[in-house]
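Count along the sequence shown from 1, add 5, and you get the number used in the numbering used here. Cβ coordinates follow ideal geometry from the N, Cα and C atoms, glycine included. Just so you know, these numbers come straight off a predicted model, no measurement behind them. Here the structure is laid out as structure tokens; the discussion comes afterwards.
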Amino acid sequence: MNLFSRAATPVSSPSSSSTSTSTPTPSATASWTTLGCYADQSARTLNAKSTSDPAMTYQKCQTFCAGFTYAGTENGNECWCGNSLTTNQPLAANQCQTPCAGNSAQVCGGGWKITIFSYGSKPVSSSTTTTSAAAPTLTGYTSKGCYVDQSARTLNGPSKIDNAMTLQMCQSFCSTYAYFGVENSK
């Protein structure tokens with residue numbers, strides 16, 4: 006589920022039933038916002054600047070990426086920076102499961118999977134040319150990334166299924182709520 010919240014609405018981790026394993030939920034520091042887990046590739050999703058640190062944390066990566074729009078942690082000890090995403094392939098949150106080398110309570114992506122943060126409230130932008138429409142701007146809402154939904158729904162208010170669903174249609178339908186989410190292209 007791609008989750009959005011009204012600006013300045015804090016996001017709490019989705020409730021989950023008790024299990025023997027769990028994936029820590031990424032959290033951003035200061036003015037950084039967590040966008041979620043994304044696929045990476047050899048051309049690199051964030052390709053302006055990078056470093057590797059055996060004690061990597063969100064804070065270290067975000068400090069290293071000061072001045073850039075995006076920071077991303079990958080494979081436990083890597084940090085990548087950029088002002089646009091060369092690819093824009095969000096993944097389910099549980100796809101990023103590698104603990105940060107410097108703080109095992111934080112998740113630093115995985116193998117070819119990157120946990121991405123945005124500085125301020127800037128929307129995701131991609132430098133990849135595609136035939137699909139550009140990512141829309143949603144007035145008053147901020148993307149909170151991709152969340153795994155379950156039978157005990159992440160968002161439990163009213164829902165609407167429409168084969169022509171758009172983010173704006175969902176935002177309008179949920180206009181009285183602090184959050185809305187879209188999934189399954191409907």
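*asked:* Within the continuous beta strand (DSSP E) that includes Pro185, where are the two ends?
replied: In the sequence as displayed, the identity of residue 185 is Phe instead of Pro. That run of the beta strand (DSSP E) goes Tyr184 to Val187.
*Can you tell me which of the three DSSP states Gln111 falls into?*
strand
*Per DSSP, what kind of secondary structure is Leu172 in: helix, strand or coil?*
helix
_Counting only beta-carbon separations shorter than 8 Å, does Ile166 have a partner in chain C?_
No chain C appears in this structure, which consists of one protein chain only.
*If you run the structure through DSSP and keep just helix, strand and coil, what is Ser177?*
helix
*Nearest-angstrom Cα separation, counted from Tyr43 out to Asn93*: In a straight line, the C-alpha of Asn93 is about 7 Å away from that of Tyr43.
*asked:* Ile121 and Gly77 - do their beta-carbons sit closer together than 8 Å?
replied: yes
*Counting along the chain, where does the alpha helix (DSSP H) carrying Lys65 start and finish?*
Tyr63 to Phe69
*Thinking just about the alpha-carbon of each residue, which of Gly114, Ala169 and Tyr75 is nearest to the one in Ala97?*
Gly114
*Is the beta carbon of Glu79 less than 8 Å from the beta carbon of Asp58?*
no
*Ile119, enclosing beta strand (DSSP E) - first and last residue*: Lys118 to Tyr124
*By how many angstroms is the C-alpha of Gly107 removed from the C-alpha of Ile166?*
43 Å
*Residues bridged to Lys54 by DSSP?*
Cys86
_Ala98, enclosing beta strand (DSSP E) - first and last residue_ = It is not in any beta strand (DSSP E) - Ala98 carries neither H nor E in the DSSP assignment.
*Taking the alpha-carbon positions, what's the Asn99 to Cys84 distance?*
Cα-Cα distance, rounded: 19 Å.
*Assign Met61 to buried or exposed, taking buried as 16 or more other Cβ atoms, counted over all protein chains shown, within 10 Å of its Cβ.*
buried
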